[in-house]
Structure formats: structure tokens, C-alpha cells
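Residue numbers (numbering that gives the first Met the number 0): 0 to 109.
The structure appears below as C-alpha cells.
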Amino acid sequence: MIELIINNFLDGHISVPVFLERPKKVPERFVLFEKTSSAKRNHINSATFAFQSYAKSMYDAAVLNEELKQVIESIIESDEIASVKLNSDYNFTDTETKEYRYQAVFDFKY
């Protein structure tokens with residue numbers, strides 16, 4: 000399952016906890032990610048994932064986002080991943096909860 004491959008890779012390569020769903024008690028800095036779409040063509044799977052980097056300030060969220068992008072781009076070293084491409088990244092501060100976060104969207108082939 001691609002979610003587990005990504006989660007296991009991030010756990011060993013990024014400086015903050017990584018979650019597939021929001022924990023009840025959130026740490027000061029963390030990454031939350033989810034699959035937003037997937038497809039299969041010619042026996043090659045593809046999926047788009049949104050990664051949200053949370054922190055206590057906008058600056059810290061932006062710094063975490065940069066770390067995340069570097070780590071995700073290095074996942075290509077994994078045998079299970081055929082390609083990874085940054086689709087977009089941007090400030091994604093939650094106006095309702097007032098939590099600072101950045102979002103990076105990546106396209107994977109596996």
C-alpha cells in the first residue's frame with residue numbers, strides 16, 4: 000500500500016512525527032498527509048498526495064515544508080517508487096483553527 004511506503008520512508012527521514020490522520024493530541028510540529036486521487040494505466044499505478052506541514056508560526060511551517068519537499072524528492076531512491084514530482088506547494092493556514100500550515104502536493108508513480 001503506497002500510504003505505508005510513504006509513511007515508513009518519512010518516519011526514518013524527517014525530523015517531525017508523520018500521521019495519516021490527525022491525532023487527538025497534536026505535537027508542536029508535525030506532517031499530516033492524505034491521498035487525494037489515484038489511477039492505474041498500463042499496469043502503472045499513480046497517486047496524488049497532499050502533505051500538510053504544521054507548526055506554531057508561519058515561518059516554522061514554511062521551513063518544515065521545505066524539509067518535507069527535500070525528503071519526499073529523495074523517496075525516488077526507494078525501489079517501490081518509479082517517479083515523484085512536485086505538483087505545487089503553498090501557504091495553507093487554517094483560518095478556522097488559526098493553525099499555521101503549508102501544503103505540498105506531489106504526484107507519484109509506483
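We treat Cβ as the ideally placed atom computed from N, Cα and C, and that holds for glycine.
- Judged by DSSP secondary structure, Ile43 falls within the beta strand (DSSP E) whose first and last residues are 43–54.
- For Asp10, same chain residues with a beta-carbon under 7 Å away, outside a window of 5 residues either side, are Val17 in chain order.
- The C-beta distance from Tyr109 to Glu79 rounds to 6 Å, short enough to fall under 8 Å.
- Exclusion of the five residues before and after Phe105 leaves Thr47, Phe48, Phe50, Ile71, Val83, Lys84, Leu85, Asn86 as the residues of its chain whose Cβ lies within less than 8 Å of its Cβ.
- Rounded to whole angstroms, the separation of the alpha carbons of Ile1 and Thr96 is 30 Å.
- For Tyr89, no alpha helix (DSSP H) segment is defined; the enclosing uninterrupted segment is the beta strand (DSSP E) at 82–90.
- Contact annotation: Ala103 and Asn64 have beta-carbon atoms nearer than 7 Å.
- Per DSSP, the continuous alpha helix (DSSP H) segment holding Val62 begins and ends at 57–72.
- Beta-carbon to beta-carbon, Ala54 and Tyr89 are separated by about 15 Å, too far to satisfy the 8 Å threshold.
- At least 7 Å separates the beta-carbon of Leu67 from that of Ser56.
- In this chain, the alpha helix (DSSP H) harbouring Leu3 covers 1–12.
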